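Okay, structure first, notes after.
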Amino acid sequence: MVVAADVGSIIFRLRGGLELTCQLDSTNGPSVQQTLSGAFKRLCSKLRSESLVFCVRNSPLLIWPNKGIHIIPDELKESSPCKDIQQHIQAEENDSGKKSSKKKDRKSVTTCVINMDLMMEVTEPRRLSATVLTRGSQKQHFVRMTLPMDCVASVQTEDSVGAVSGRLVEALCDQLADMEKVVLQHMKGTALLLPQPFHFLLPEPAGLVTIVYPAGVPDSRLEHIRKELHSRFELPDDRPCFRQANSFHFPDEPYKDGYLRNPHTALNLPNMEGAKPCLVQGVYSYHHYMQDHMDDNGWGCAYRSLQTVCSWFQQQGYVDREVPSHKEIQQALVDAGDKPAAFVGSRQWIGSIEVQVVLDKLLGVTSKILFVSQGSDLASKGRELANHFRTESTPVMIGGGVLAHTILGVLWSETTGQIKFLILDPHYTGGEDLQVITDKGWCGWKGPEFWDQNAYYNLCMPLRPKAI
């Protein structure tokens with residue numbers, strides 16, 4: 001069920017539907033399996049035939065990988081470096097009908113993605129023959145399933161077009177074999193589940209791997225498969241890596257919900273001699289004032305920080321529920337007995353203790369509270385915070401005075417005690433403009449002077465559940 005590739009400078013992604021068709025003369029289990037296996041075998045033969053075509057999106061390029069790497073236009077050769085394909089890709093049009101700058105787009109992502117469509121030639125030169133009609137009265141089951149092929153090959157820019165094409169053909173055949181296993185393993189009589197590929201980015205040397213799961217089956221029913229995968233890739237068994245929410249997000253695809261993810265990755269690390277960064281690991285969404293058609297300017301900063309924390313647990317696959325709204329947060333506090341019923345719908349502040357209660361009530365996540373008597377003491381909490389990000393690696397909500405922030409990491413020197421805090425500020429009221437957010441310091445590194453030196457602070461430090 002695995003197709004692996006090292007993450008390089010270019011990711012080729014090949015997608016398309018393959019029609020699996022067959023006729024079941026019997027509902028007998030072994031007979032059905034044999035017929036389905038034959039259908040998959042015929043599809044694999046098609047993938048290795050000369051009729052297979054790769055179409056590079058937003059370009060005139062067509063590649064026949066099994067026909068001696070035949071390419072149109074012919075200025076691109078089998079031996080050409082694959083980076084030359086980028087020269088043929090046209091800029092995409094944005095929603096306003098204007099062409100976007102490809103140079104700008106490529107600068108905004110760390111890895112170039114070249115998208116390709118899987119196609120098949122439908123006509124072949126052959127001798128004409130007469131049509132033959134037959135009639136039968138036997139009951140039969142006709143199976144038609146569109147297999148959602150989605151293969152990746154991560155390559156170096158100098159790898160040849162021929163080599164990349166060959167890798168993609170092998171990835172297609174391997175993925176087809178994985179899909180066959182999933183279909184046969186989860187079939188019930190003649191009821192078949194659609195196989196669905198997911199891509200996951202693992203630590204080196206594994207890199208980018210592709211796993212095929214049965215579509216529509218929740219993660220709770222796939223734990224035995226994930227345990228096998230964790231063992232195969234020698235991954236820890238106390239945190240999820242192969243849940244569907246952990247699947248790799250390709251850098252050329254926007255998130256549909258509109259929230260920015262991980263804005264801190266656009267920042268440079270401050271220069272501090274002898275200091276080591278300890279940062280949040282994984283993906284989170286940036287939640288701040290005025291989002292979701294909600295005017296919470298002046299009172300909702302802790303709610304927004306809590307939403308950022310909840311998004312981390314959601315996007316790591318620990319929970320299935322959506323990020324809670326202000327009203328859902330307030331209702332959770334009422335249900336937990338922490339607030340009166342009139343609290344729902346109000347504009348009242350919450351603090352770190354309430355955040356701890358909501359995380360436990362809605363997500364089943366426990367948290368540690370770190371009490372700091374005055375802001376000037378936060379500079380001495382480097383060891384506690386560094387240890388938290390090394391072991392738990394979850395965002396930390398901090399409340400003090402009338403303000404709340406999210407701490408995403410620290411840069412701390414064990415020898416000198418110097419420290420800087422990586423802060424995500426929920427008080428931002430603008431649009432989802434990464435450059436503004438980082439340039440203006442709404443997400444940025446702050447020194448100890450950032451905190452109110454005389455206010456007391458409570459830090460809610462969520463603990464990562466131990467689960468695959």
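For the sequence shown, the residue numbers in full-length UniProt numbering are 1 to 468. Backbone N, C-alpha and C fix where the C-beta goes; we use that ideal spot for every residue, glycine too. Nothing here was measured: the structure is a model prediction, and the numbers come from that model.
Residues in the same chain with beta-carbon distance under 6 Å from residue i, minus the five sequence neighbours each way, listed in chain order, please.
{"i": "I437", "result": "P263 and C443"}
{"i": "A386", "result": "C278, V410 and W412"}
{"i": "S311", "result": "Y284, S285 and V323"}
{"i": "residue 498", "result": "Outside the displayed range of the chain (1 to 468) lies residue 498, so it cannot be described from this structure."}
{"i": "F450", "result": "none"}
{"i": "H288", "result": "R304, P426 and Y428"}
Put residue i into one of helix, strand or coil per three-state DSSP.
{"i": "V109", "result": "Only weak support exists for where V109 lies, its pLDDT of 42 falling under 50; the value from the coordinates is given anyway. Correct three-state label for V109: coil."}
{"i": "E19", "result": "strand"}
{"i": "Y457", "result": "strand"}
{"i": "W312", "result": "helix"}
{"i": "V344", "result": "coil"}
{"i": "K361", "result": "helix"}
{"i": "E150", "result": "What sits at residue 150 in the sequence shown is Asp, not Glu. In the structure shown, D150 sits in a strand (DSSP, three-state: E or B)."}
{"i": "N94", "result": "Bear in mind that the predicted position of N94 carries a pLDDT of just 48, short of 50, making it too unreliable to give a figure here."}
{"i": "I437", "result": "helix"}
{"i": "T190", "result": "coil"}
{"i": "T416", "result": "coil"}
{"i": "M272", "result": "coil"}
{"i": "T391", "result": "helix"}
So, at 7 Å on beta carbons, what are the nonlocal neighbours of residue i in its own chain, with the 5 sequence-adjacent residues on each side left out?
{"i": "G382", "result": "V410, W412, G417 and I419"}
{"i": "M119", "result": "G16, V53 and C55"}
{"i": "F371", "result": "N458"}
{"i": "G375", "result": "G400, W451, D452, Q453, N454, A455 and Y457"}
In whole angstroms, what is the alpha-carbon distance linking residue i and residue j?
{"i": "G258", "j": "Y303", "result": "19 Å"}
{"i": "Q33", "j": "L184", "result": "7 Å"}
{"i": "L62", "j": "D178", "result": "27 Å"}
{"i": "K107", "j": "N268", "result": "Reliability fails at K107, whose pLDDT of 37 lies under 50, so the model's placement of it is uncertain and the value that follows must be treated cautiously. Each residue's alpha carbon lies about 16 Å from the other."}
{"i": "D377", "j": "Q314", "result": "32 Å"}
{"i": "E354", "j": "D338", "result": "8 Å"}
{"i": "A5", "j": "T265", "result": "Confidence is the limiting factor: at A5 the pLDDT is only 46, short of 50, which leaves the residue's position unreliable and the question unanswerable from this model."}
{"i": "S26", "j": "V161", "result": "45 Å"}
{"i": "M272", "j": "R347", "result": "41 Å"}
{"i": "L459", "j": "G29", "result": "58 Å"}
{"i": "G399", "j": "M116", "result": "48 Å"}
{"i": "L24", "j": "D252", "result": "42 Å"}
{"i": "A191", "j": "M145", "result": "11 Å"}
{"i": "V122", "j": "A171", "result": "22 Å"}
{"i": "A206", "j": "I468", "result": "18 Å"}
{"i": "Q453", "j": "G401", "result": "10 Å"}
{"i": "residue 472", "j": "I11", "result": "One cannot answer for residue 472 here, as it falls past the ends of the chain, which runs 1 to 468."}
{"i": "S31", "j": "F40", "result": "14 Å"}
{"i": "E392", "j": "P236", "result": "13 Å"}
{"i": "D296", "j": "W349", "result": "10 Å"}
{"i": "R390", "j": "E414", "result": "14 Å"}
Between the options, which has its C-alpha nearest residue i's C-alpha?
{"i": "G317", "options": "S26, V372, R239 and L47", "result": "R239"}
{"i": "Y255", "options": "K41, K446, H70 and E432", "result": "E432"}
{"i": "G189", "options": "R232, A404, T134 and V143", "result": "V143"}
{"i": "M187", "options": "P214, L172 and A171", "result": "P214"}
{"i": "C173", "options": "N66, S59, Y456 and S220", "result": "N66"}
{"i": "G345", "options": "E414, Q356 and K327", "result": "K327"}
{"i": "L47", "options": "G68, L18, R261 and S37", "result": "L18"}
{"i": "Q87", "options": "W445, C112 and A245", "result": "C112"}
{"i": "G351", "options": "L403, S393, A341 and A336", "result": "L403"}
{"i": "V155", "options": "S9, N454, H288 and G38", "result": "S9"}
{"i": "P218", "options": "R243, P205, L201 and M461", "result": "R243"}
{"i": "R13", "options": "P270, I114 and L208", "result": "I114"}
{"i": "S220", "options": "V319, M290 and A379", "result": "V319"}
{"i": "F421", "options": "S380, P465 and G401", "result": "S380"}
{"i": "K466", "options": "R390, V365 and G207", "result": "V365"}
{"i": "H141", "options": "D295, L36 and P236", "result": "L36"}
{"i": "N159", "options": "Q90, L193, C82 and V132", "result": "For the record, residue 159 in the displayed sequence is Asp; it is not Asn. The residue with the shortest Cα to Cα distance from D159 is C82."}
{"i": "E50", "options": "I69, R42, G282 and R57", "result": "I69"}
Cutting at 8 Å between CB atoms, please list the residues of its own chain near residue i, excluding the five before and the five after it.
{"i": "I71", "result": "L61, L62, I63, W64, K77, E78 and V161"}
{"i": "D84", "result": "L76 and V161"}
Exercise for the section: Answer yes if the stretch 213 to 228 comes into contact with the stretch 398 to 410, meaning at least three C-beta pairs across the two stretches below 8 Å, and no otherwise. Expected result: no
Practice task
Mind the definition here: the stretch 328 to 336 touches the stretch 356 to 367 only if three or more C-beta pairs lie below 8 Å; say whether that holds.
Solution key: yes
Practice task
Give a yes or no on contact between the stretch 146 to 166 and the stretch 60 to 80, applying the rule of three or more CB pairs nearer than 8 Å.
Solution key: yes
Practice task
Decide yes or no for the touch test of the stretch 417 to 429 against the stretch 310 to 328: beta carbon pairs closer than 8 Å, at least 3 of them.
Solution key: no
Handout entry: Cβ contact (3+ pairs, closer than 8 Å) linking the stretch 144 to 152 and the stretch 187 to 205
Key = yes
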